[in-house]
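What follows is one structure encoded as C-alpha cells, with my remarks underneath.
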Amino acid sequence: MRAWKKIMKNNYDAVVIGAGPAGMACGSELADKGLDVAVLDEQAGPGGQIYRNITGSSSAQRQILGEDYREGLDLTQKFENASLDYLPQSRVWQAADNGDVCFSRAGSSRKINAPNLVLCTGAMERPVPFPGWTLPGVMTCGGMSNLYKDSGLVPSKPVLIAGSGPFLWLVAEHLLALDAPITAILDTAPMKQVIPAMKHVAGAVKRIDFMMKGVKLISDVYLTARKKKVPVYRNVRDLRALGQKKLDQVNAVSGSKQLSFQVETLLVSEGIIPNTSLFRQVGCRHQWDPIQRYYHPALLKEGQTNFSSVYVAGDGGFVHGAKAAEYKGRITALHIAKEMRRLSKAEYRQQVGPVWKMLTRDLVPRPFIDAMYAPRKDLFSLEDKTIICRCEGITAGRVRELVRDGLRDHNEIKAIIRCGMGPCQGRMCSAAVLELISEGSGLDPAEIRQHRLRPPIKPVSLQELANADLGGYDEN
Amino acid sequence: MNQGKSKFVWSNLAGTDKQVTVSFDGERLTVPAGITVAAALLGHDDEHFCRSAADGEERAPYCLMGVCFECLVEIDGLKNRQACLEPVYEGMSVKRQHESVEENHEK
C-alpha cells in the first residue's frame, strides 16, 4: 500500500471505489496481476461496514464480534500488502462511463481516470419510515454495530431492538454479550413467511452448515435473552417512536397485545439493500427484484454493467454477504486482468474456476434466506402523517396526493415538493417513494423510473472545488 | 474521560489508551484516539447534532455509515461534514450545525 503523500497520479488501469470485502479483494487481485490500481474509500480504514475497524480492533472486540468478523483479517492483510494506491477518506462525488472519477480528500477535489471502474459501494439498511423515526435516539442496528466496532461505545440506558432479518439477531447477540441494558427484542418478521420460503429449503439444506449457523445464532440469542430476562416478542407491528425532542417511549403491537416501553434508544433493522446511489448517478441500468423488493444493477456474470468501462462487485450488485462479495470482487478483477491482456484465456479459466466454485457454494442458501426475510407485505403501508423524506420533512400523504394527481416518477415528484432533494439526495426516501407510487398507481415497481442522483452526490465545499486538481495525462 | 449526559458508555473494549482532546461547541472533550467524530459526540452527549434544514427539527445520527446525512456538523470552520466519516484529531473544533444546508448542492 503506497502512502497518499506520494500519489500524484491522474491515470490508472483501474479505479476501485469502496474498500469493503469486494473492493479489497478486487484491488488486491488487480494489483497482483500487475495492474496500476487506485482504491478510494470514504472511511479512515479498510474493511467496509462488515469488517469495520478490523485492523484497529482489540482482541476483546474480535472475540465478541465472532468468527465471521475475524475472517476479514486475512483479506485486509493481503490488501494492506498489495502494491496499489489506497486513498482512504475520499468522498467520491461523481463518476462517469468515460472512466472519470471526481472526489474530495483532505480539503481539495481531484479527478482521476481509468479505463476500468469497479464500483464496490456495498449495502445499507433498508430505510423504512415509521412514526417518530426522525427522533434523536432512533438509529439503525448497523449504526449501533459501527459504534461498538469503531470505538467500544455501548448503550448504558434502556435500549429496544426492533425489526427482522439475520443482521438484527447478530446485533442482538453482540449487545447481549456487551451487557447492554436491552429492554426487549421485537421481531417484526411475520411467521407465515416461512411457508413461501419452504420451497427453497431443499436447496438450502445442501449448505446445512450455513443453515445451522443461522439457527444457532437465533436460538443462542433466545437462550441468552431468557437468562438475562430480556423478553422477545414475535409478530410485532405498528412500531411507533414517541418523544418531544428525543425518544423516550416506543409503542408497538404484538398479536392482540399492546406494548409500550420507556427507552432512550431504539435500534431498527428491516433488511439490507444494495447502496446504488453512485450507480444511479453514473446511469447504470437497474432491475427490480420482486422478492427482496429492491432495484439492483443489471450485471453480467463478471460484474459488467451496461457500460463497458464500469463494473459493480459485491453487495452493491445484490446482497449476498461478505464472503460472496469477496469472491465477486476477485472474479471481476480476474476478468479485467484478462481483458487487459495480463492473463491469457487459459490462465483466466484456471484462476477463476475455484473462485466460481466457492461463490456458487456460498449462494446455495440465499434463495431461502431471501424468501424467509423478504420485506413483509405491510412494511410500506405508511400513515399519511409519517415523514418519509427526512431531509425535507415530506410526509407520505404529500407524495400520495401527487400520485393521485397522476405523477409516476420520483424525479418529477422531487421537482415539485423537494422530496429527495436534501443533503441525502433520496438515499433515505427513494425506497418508500417507489412503494407509494406503486401503491397509488397499481404499477409494478419494475415499471417505475428510479430516482436518479445528480452530481455532486456528496457535499463538496467551494473551497474544495477551488483547490481542485482536475487531472490530465501523467508523464511517464 | 468525559461522560457528560450520554446514554452510551465507553467500554474498555477497544483497549486503546491513546486519547485526544477536541472541542464541541466550545466544551473540551477527551476521547479515545482514532474514533469518529460521531462516536466522540454520542459518547459525550446524546443531544442533537444538527437541525433539519426544512423545519428546524433536532436530528441525531441515524445510519452512522455515511448515507443519512443526519450527523452534519461544522469541523474547523468547514460546514456539512459527515461526523460519522471523520476521525477525531487533537485540537479539532466541532460545532453543531443549525443553519440551512442548501449550499451543498450549489456547484
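So the protein sequences, as listed, match chains S and D. Per this note's numbering, the first sequence starts with residue 9, numbered consecutively. Per this note's numbering, the second sequence starts with residue 25, numbered consecutively. Quick reminder that beta carbons are idealized off the backbone N, C-alpha and C, glycines included.
Margin query: I'd like the list of long-range same chain contacts for D228 (chain S), defined as Cβ closer than 7 Å, with 5 residues on each side in sequence excluded.
Written below: E181
Note to self: When you compare the CB of D79 (chain D) with every CB in chain S, is at least one pair closer than 8 Å?
What the structure shows: yes
Check: Buried or exposed: R293 (chain S), going by 16 or more other Cβ atoms within 10 Å of its Cβ?
Finding: exposed
Note to self: Which residue wins for smallest C-alpha separation from T196 (chain S), given the options S:P189, S:L168, S:G211?
What the structure shows: S:L168
Check: DSSP state of D93 (chain S), grouped into three classes?
Finding: strand
Check: What residue from S:K236, S:R242, S:M220 has the CA that sits closest to K200 (chain S)'s CA?
Finding: S:R242
Note to self: Which runs of the alpha helix (DSSP H) at least 4 residues long sit entirely within the segment 337-412 of chain S? Give them in chain order.
What the structure shows: 353-371, 374-380, 404-412
Margin query: Could you give the first and the last residue of the continuous alpha helix (DSSP H) run that contains Q71 (chain S)?
Written below: 67-73
Next item on the list: Flag D82 (chain S) as yes when its Cβ comes closer than 7 Å to any non-hydrogen atom of the ligand NAD, and as no otherwise.
Entry: The model depicted lacks the ligand NAD and carries no ligand whatsoever.
Check: Y156 (chain S) touches chain D at which residues, Cβ-Cβ below 8 Å?
Finding: S35, L37
Next item on the list: Between the Cα of C128 (chain S) and those of S:I402, S:P54, S:R234, spot the shortest distance and give me the residue it belongs to.
Entry: S:P54
Notebook entry, point to check: Can you name the residues that DSSP bridges to L53 (chain D)?
Noted result: D:V46
Checklist line | Within 8 Å, strictly: CB atoms of V55 (chain D) and V44 (chain D) | finding: yes
Margin query: Going by DSSP, what residue range makes up the alpha helix (DSSP H) through C149 (chain S)?
Written below: 149-159
Note to self: For C34 (chain S), report the span of its alpha helix (DSSP H) as first-last.
What the structure shows: 29-40
Note to self: Suppose the cutoff is 6 Å on Cβ atoms and the five residues either side in sequence are ignored; what does the same chain contact list for A330 (chain S) look like?
What the structure shows: P29, I58
Next item on the list: Using a Cβ-Cβ cut-off of less than 9 Å, list which residues of the segment 245-268 of chain S approach chain D; keep chain order.
Entry: K253, K254
Notebook entry, point to check: S112 (chain S) lies in the beta strand (DSSP E); which residues open and close that run?
Noted result: 108-113
Check: What's the call for G115 (chain D), buried or exposed, on a 16-neighbour Cβ count within 10 Å?
Finding: exposed
Notebook entry, point to check: How many angstroms separate the CA atom of G450 (chain S) from the CA atom of T340 (chain S)?
Noted result: 38 Å
Margin query: For a cutoff of 8 Å on Cβ pairs, would you count M89 (chain D) as touching chain S?
Written below: yes
Item checked: Contact residues within the segment 40-61 of chain S, judged by C-beta distance below 7 Å to chain D -> E50, Q51, A52, Q57
Note to self: I need the straight-line Cα distance from I193 (chain S) to M132 (chain S), nearest angstrom please.
What the structure shows: 21 Å
Check: So, is the C-beta of C399 (chain S) closer than 8 Å to a C-beta in chain D?
Finding: yes
Item checked: From S:L225, S:V261, S:V109, residue whose alpha carbon lies closest to that of E75 (chain S) -> S:L225
Checklist line | Chain-order list of residues whose beta-carbon lies under 6 Å from that of R245 (chain S) (same chain, five-residue window excluded) | finding: V261
Margin query: Relative to the C-alpha of K214 (chain S), which candidate in S:L371, S:D417, S:K17 has its C-alpha closest?
Written below: S:L371
Next item on the list: Determine, using beta carbons only, whether N283 (chain S) comes closer than 8 Å to chain D.
Entry: yes
Margin query: Within 8 Å of any Cβ in chain S, is that where the Cβ of N128 (chain D) sits?
Written below: Any answer about N128 (chain D) is weak, because its pLDDT of 44 lies below 50 and its placement is not dependable; what the coordinates show is given next. True, the Cβ-Cβ gap to chain S drops below 8 Å.
Next item on the list: Could you confirm whether any beta carbon from chain S is found closer than 8 Å to the beta carbon of S132 (chain D)?
Entry: This structure cannot speak to residue 132 (chain D), because chain D is shown only from 25 to 131.
Next item on the list: Please report how far the alpha carbon of V441 (chain S) lies from the alpha carbon of R412 (chain S), in whole angstroms.
Entry: 13 Å
Next item on the list: Measuring alpha carbon to alpha carbon, tell me which of D:Q106, D:L109, D:I99, D:A107 ends up nearest G50 (chain D).
Entry: D:I99
Note to self: Quick check on A68 (chain S) - is its C-beta less than 8 Å from some C-beta in chain D?
What the structure shows: yes
Check: How far does the alpha helix (DSSP H) with T63 (chain S) in it reach, from first residue to last?
Finding: Run containing T63 (chain S): none; DSSP gives neither H nor E here.
Margin query: Pairs of beta-carbons, one from the segment 173-189 of chain S and one from the segment 337-352 of chain S, closer than 8 Å: are there three or more?
Written below: no
Checklist line | Contact between the segment 467-480 of chain S and the segment 403-422 of chain S (3+ Cβ pairs under 8 Å) | finding: no
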